[in-house]
Amino acid sequence: MINKLVFLFVFSMILAGCQSRRTIVSLTSPDMQISGAGLRIGDRFIEIPGDSTNTVRFELDDVPTGYAVLQFGNSQKMIFVERGKDLTVCFKRTVQPNASRYNFEGEGAPENRYMDRQSRLSMIFMKANSGENEIIQQLNDSVCQRVTALNSLDLSPEFKRLESERQRYNVLRSFSRYKGWGDGLYPFLKEQLKENPELLITEDYQAFLLDALYAIGGETGDCTPGGYAGRQLDYLVQHLRDTAVVDFVLHSVLSKYMEKRGTESIDGFMEIFRSRVHSSRVRQAIEDLYAQWNRVAKGQPLPEFTFLDVNDKEVALSSFKGKYVYIDCWATWCGPCKQQIPALQQLEHKYKGKDIVFVSVSRDSNRDKWKDMVRGQKLGGVQLIEKLPTCSEFSDWFMINAIPRFIILDKAGNVYDMNAPRPSDPATVEVLDGLLM
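When we follow numbering that gives the first Met the number 0, the leftmost residue of the sequence shown carries the number 0, and every step to the right adds one.
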């Protein structure tokens, strides 16, 4: 009888322990329809549809305590999830100025309320003309003040441990964006550059990590995309060991390099990537990106692209074969694009009568507005616009995610440079003079 009672007691304790490991995270809103949401936590991404009460409910078993990212609609919110502590996140689309859109309920609410308040802190500012030692002292003091204030609160010990580190990276990240790391700060910067996979999901750690690697990439003065990427990968090979951090850095460095220079001189970087990457997801993402950028590598032929001129006449890109083509991808609503127009007009004048044609391809969806600007400002060169219905075939092929973007084609109509210097850059004249010699 005693053995049976002992068994039942132990079994009930085990069952209670199993039940306590379940953590429920809910998302709801009083003024926005929530059709579904995703939760990125640990190495998992979970998607759940909304229910009839306009609530998304994540029932998590054996969830790791730590930061997570809640994604819904066009919004995302970093939250803290502690094993066994339920959390309800309420999102309000319409709030008073300076008020938070988020409210938190449940056992896990206090930590999340704290983080929500911290997200609205002002940026760290340094005294003017501060020396390196003074800057370091100010940064350390700022971190110390935040951590002291954090430790005075009645919050979870595990949260305090992680949040103390996150606040440190928040301060360092703010300084990096505001002032940047001068040469004299490199030793301090490298001391702060530590692998912290527990914080890898946070924007603060990600941003600091990438900013620090970018600073290290320019340490020796070679500021070309290849110079930056090469030194960043050298640092990775020599110093980084955590697989999650390595994969994150590899993905960032390779994708940023390809955005600048495509697959030009990338073989050595890809060799490092293929030997060090661990995640099959990251491996596939970069290999897919490599294949996409390789189709616009130097010497690659293009499919036929047809545009419309201001008279709605179709113009094929292939009709310019026999001349070099300098393409300006722009739009009437793009301020930086319009800033390049005077320099572009100077190029058009300088190379008038030479074997080069200047083609401006607009991404405007409002064709009439584009025509009005072309005619009203008497824009020169060849003015074209991408055709409906999508207005994006050419942009998609060259993976143009931001404008202005400039492209050079050779006389055969093949890609010469998929990301050429802009008209105002003195390097543009050097490139064009070299082609026309």
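Note that the Cβ used here is the ideal one computed from N, Cα and C, for glycine as well.
Mind reading off the beta-carbon distance from residue 215 to residue 323? Whole number of angstroms is fine, and I expect it under 8 Å. Actually they are not in contact, since the Cβ atoms of residue 215 and residue 323 sit about 38 Å apart, beyond 8 Å.
Decide if residue 145 is buried, meaning its Cβ has at least 16 other Cβ atoms within 10 Å, or exposed. buried
Indicate the three-state DSSP secondary structure (helix, strand or coil) for residue 28 in the structure shown. If DSSP states are grouped into helix, strand and coil, residue 28 belongs with coil.
Helix, strand or coil at residue 35 [DSSP, three-state]: strand
If I measure Cβ to Cβ from residue 417 and keep anything under 7 Å in the same chain, skipping five residues before and after, which residues do I get? 261, 295, 397, 406
Extent of the continuous alpha helix (DSSP H) run through residue 289: 279–293
Is the region 318–337 touching the region 283–303 in the sense that three or more CB pairs, one from each, lie closer than 8 Å? no
If the criterion is Cβ atoms closer than 9 Å, does the pair residue 326 and residue 281 meet it? no
Between the beta-carbon of residue 57 and the beta-carbon of residue 24, is there less than 9 Å? It is a contact, given that the beta carbons lie within the stated cut-off.
Counting along the chain, where does the alpha helix (DSSP H) carrying residue 207 start and finish? Where residue 207 is concerned, the enclosing alpha helix (DSSP H) stretches over 202–216.
Please confirm whether any heavy atom of the ligand HEM lies closer than 8 Å to the CB of residue 401. Inclusion of the ligand HEM in the displayed structure is not the case, the ligand content being empty and no account of it being possible.
Three-state secondary structure (DSSP) at residue 408? strand
Using only CA atoms, which one of 231, 213, 373 lies nearest to residue 179? 213
Would you grab the beta carbon distance between residue 445 and residue 64 for me? Rounded to a whole angstrom, and I think it's under 8 Å. Missing from the structure shown is residue 445; the chain here goes from 0 to 436 and no further.
Element boundaries [beta strand (DSSP E), containing residue 76]: 74–80
Is the region 191–209 touching the region 65–75 in the sense that three or more CB pairs, one from each, lie closer than 8 Å? yes
Exposed or buried, residue 201, counting other C-beta atoms within 10 Å across all chains shown (16 or more means buried)? buried
Given 8 Å, three or more beta-carbon pairs between the region 127–147 and the region 168–179: yes
Enclosing alpha helix (DSSP H) for residue 415 [first to last residue]: Counting along the chain, residue 415 falls outside any alpha helix (DSSP H), though it belongs to the beta strand (DSSP E) covering 414–416.
Is it a yes or a no for the region 107–114 touching the region 148–158, going by three-plus beta-carbon pairs under 8 Å? yes
For the candidate residues 27, 43, 384, whose alpha-carbon lies nearest to that of residue 51? 27
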